[in-house]
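Numbering (the UniProt record's numbering), first residue to last: 1 to 207.
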Amino acid sequence: MRISKETVIQRLKNREQGIIEERYMRKYAVIIPIIEKKEGLEVLFEVRAKHMKRQPGEICFPGGKIDRQDASPQAAAIRELCEEVGISENQVTLLGKLDRIVSPFNQVIFPFSGVLNTTAFSPNKEEVDELFSVPLSFFLSHDPERYDVELSVQPGEDFPYGSIPGGKNYPWNKGFVPEYFYYYQNYIIWGITARIIKHFAEEIYES
């Protein structure tokens, strides 16, 4: 098949840069809920229900998988927030969006932040055991502990080693994923949740 230079230019000149094979990745949206108290701004967190199959009892932000009916990642984040915390959409004011996270596990996560104009919550017990808040100032004044988790390549048994230099002795690269830990009272905030709140704190502090 032949294609002209003009056709290539036309197809690429207005194209937005994305992520290769993003359409095959699982997409999720989360939101950092900010509430106002007398002492100042606080960040609302969830403790996931202990009977859940994935990450039971862990601390997270409201969020979940982006469904086909969601108009956008932002809409998905707000929908999940309302379903999990028990508020209505008119009680949320979106502040903005943060950088996407592309995980090594074929996932793309779209983080947002919003202010809630209520503290009268009715959490969904099917998903949430507890809600708690942490002063935003805590994340601005405390650096998390960092630990690196090594990631290595393990090809399947049917991998065509004969087609690459060195065969089974090919020098695959190894990578590292940083894991951050915040300790607040009896709560341990880590994983993707810690990465997102760290990013959020850095953005607003530097701004």
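Using N, Cα and C, we set each Cβ at its ideal position, and we do this for glycine too. Because the structure is a prediction, the values reported are computed rather than measured.
> Between S88 and the rest of its own chain, which residues show a CB-CB distance below 7 Å, the 5 nearest in sequence each way excluded?
Replying inline: C82
> Is there at least one Cβ from chain C nearer than 8 Å to G57's Cβ?
Replying inline: Judged by its chain identifiers, the structure shown contains no chain C, having just a single protein chain.
>> Less than 7 Å between C-beta atoms, sequence neighbours within five positions excluded: which residues of the same chain meet that for E126?
In response: The beta carbon of E126 is closer than 7 Å to those of A49 in its chain, skipping five residues each way along the sequence.
>> With three or more beta-carbon pairs closer than 8 Å as the criterion, would you say the segment 89–105 touches the segment 35–48?
In response: no
>> Between which residues of its own chain and R100 is the CB-CB distance below 7 Å, once the five residues before and five after are set aside?
In response: The beta carbon of R100 is closer than 7 Å to those of V108, I109, F110 in its chain, skipping five residues each way along the sequence.
>> Considering only the alpha carbon of each residue, which of Y170, I188, Q74, V102 lies closest to L94?
In response: Q74
> Does the separation of the CB atoms of K198 and Y187 fall below 8 Å?
Replying inline: no
> C82 bridges to which residues according to DSSP?
Replying inline: BP columns for C82 are empty, so no partner.
>> Please state whether the Cβ-Cβ distance between E134 and F200 is less than 8 Å.
In response: Inspection of the sequence shows that residue 134 is occupied by Val rather than by Glu. Not closer than 8 Å, so no.
>> Tell me which residues share the same chain as N117 and place their Cβ nearer than 6 Å to its Cβ, disregarding the 5 neighbours each side in the sequence.
In response: Excluding residues within five positions, the ones whose Cβ falls inside 6 Å are Q91.
>> So, does the segment 136–143 touch the segment 156–165, judging by three or more C-beta pairs under 8 Å?
In response: no
> V30: buried (16+ other C-beta within 10 angstroms of its C-beta) or exposed?
Replying inline: buried
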